[in-house]
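The sequence shown lines up with residues -24 to -1, 1 to 416 when you count with mature numbering (1 follows the signal peptide of the UniProt record, and there is no 0). Data first, discussion second: the structure below is written as structure tokens.
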Amino acid sequence: MAAESLAELRDWLFLLLLCLTLLAEVLELAAAAIAMETGEGDEGIVCPSVCRCDEGFVYCNDRGLSIIPPLPLMAAILYLQSNRVKNAGLPPSLERSTSIRVIYLYANHLDEFPIHLPPSLRELHLQDNNIRTLPRSALTKLPLLERLHLDDNSISTVSIQERAFSGTPRLRLLFLSRNHLSSIPAGMPASLEELRLDDNRISTIPTHAFRGLSSLRRLVLDGNLLANTRIADDTFSRLSNLTELSLVRNALQSPPVYLPSSHLVRLHLQDNGMTHIPRGALDGMRRLQRLDLSGNNLTTLPRGLLKDTESLELLLLRGNPWYCGCNLRWLHAWLHSRGSAVTVRGLTCQGPEPVRGQALRELTSLMEQCEGPPAGPGTGMGMNPAEKDGGGEDDIVGGQAVAVVPHGRTTTTPLLVPTQGSLFTLHAKRPGLCYTSASR
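And the structure:
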């Protein structure tokens, strides 16, 4: 009986101790809230007991906090992510800080852009909340802000107030990925160098969309609803300092026209369903180092497409139905001329049948059967019958190859299609003429 009473007493003492501990934490948080609201009690604060501090770094993340506790006077970088902080959890005294440079507030319960932020702020992480609006008043108080992360919120184009960014003249990076944008936000600062708008609902880009963004170097528009007919011709040509453009997972049939060629280093066009690349699409891109055309519906590339890409280091071509006839002899020669200077991945033939599954680079003996020099005019032999953009070694008019004949005349002959088990057709007996099977 005495043993049972002792065990019961021990259980009660344990519960009492637990309650006292919880009460102490509640009282501490309440005192913190009062101190922050009144601006008193800041002096002498070393580090909140619920957080961990390391010089200017304050780690209060993943603590289940709903309000921000009193912070050390010399706090510079605040880790407050993965809590339950709402807008009311940011006390007014926070904006009086002069030392805080970076705040991580992602994965909280914010449904508005937070106020009471310190004007000394350089970098702000607000991704993965439920912020719906972007008022001008909130950003006006952050004149030193350079990096703003607003990914994974609920911001729409109409909820961004006019001239919302006018108070951030130093903003260099703006992330608005995975929101509800239907168009390019207006009034972005001229200082912007990197802009991410991927996985929104943008379907149209007018001429003026990027006006004034001459400093922009990286632009990501992946996963939107962009088609060639909904992009103004000179949209990207205005971005004279752009080094990286990403248009992955849109609805493009070919690359947009007038891409900024002078500084572009990386161009990402994969997963669009593109059917052709115009002959001069990459003209002037002498600094291009990485080109990704994977996951499209390309069967061939036009001769001369890569003539200006002497800096190219990586060419990604996976997931396309490449047709390796004489139409790609020029590309075969280009691969061997560049050697190890360029890495090419995914250039595997899907047709004709005899070379299905083989790499174009390995078809040297077969390519030598093609007539004429690799870069010169050919006879269209082994050309992909679906080619319609001048991508083979002959021009094509109305689905027929145009052959140049003496005295400046032209004639048309049906495109030559390799027969089953045969990759290459009979050579023409006179330069410039194409022979059909009936003339053999």
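Think of the CB as a built atom: it goes at the ideal place given N, C-alpha and C, for glycine as much as any other residue.
If residue i sits next to residue j, beta carbons under 8 Å apart, how far is it from one beta carbon to the other, in whole angstroms?
i: L336; j: C302; result: Rounded, the Cβ-Cβ distance is 12 Å, inconsistent with contact.
i: V185; j: T211; result: A quick correction: the sequence has Ala, not Val, at residue 185. Contact flag correct, Cβ pair sits at about 6 Å.
i: S73; j: L110; result: With a Cβ gap of about 23 Å, S73 and L110 do not count as contacting.
i: T133; j: P161; result: 7 Å
i: R154; j: D128; result: 5 Å
i: R60; j: R98; result: 26 Å between Cβ atoms; not a contact.
i: L290; j: T319; result: 5 Å
i: R177; j: H156; result: 7 Å
i: L70; j: H92; result: 5 Å
Quick one: grab the DSSP three-state call for residue i.
i: V78; result: strand
i: H156; result: strand
i: R194; result: strand
i: C29; result: strand
i: T144; result: coil
i: L338; result: Position check: residue 338 holds Glu in this sequence, whereas Leu was assumed. Here E338 sits in helix by DSSP.
i: C325; result: strand
i: S113; result: helix
i: H125; result: strand
i: V134; result: helix
i: R206; result: helix
i: R262; result: coil
i: E(-17); result: helix
i: V22; result: coil
i: V224; result: coil
i: H244; result: strand
i: H239; result: coil
i: L291; result: strand
Determine the burial state of residue i: buried for a count of at least 16 other Cβ atoms within 10 Å of its Cβ, exposed for fewer.
i: M50; result: exposed
i: N106; result: exposed
i: H244; result: buried
i: Y234; result: exposed
i: F33; result: exposed
i: D30; result: exposed
i: H312; result: exposed
i: H101; result: buried
Anyone know if the C-beta pair for residue i and residue j falls short of 9 Å?
i: I181; j: A140; result: no
i: N273; j: T251; result: yes
i: R294; j: R266; result: no
i: L192; j: E169; result: yes
i: L264; j: L281; result: no
i: N37; j: L56; result: yes
i: N41; j: V78; result: The question names Asn, but residue 41 in the sequence shown is Leu. In this structure, V78 does not lie closer than 9 Å to L41 by Cβ.
i: F89; j: A64; result: no
i: L147; j: S167; result: yes
i: V26; j: P45; result: yes
i: N217; j: P232; result: no
Less than 9 Å between CB atoms is the rule here; does residue i satisfy it with respect to chain C?
i: Y299; result: Looking at the structure shown, chain C is missing, and only one protein chain is on hand.
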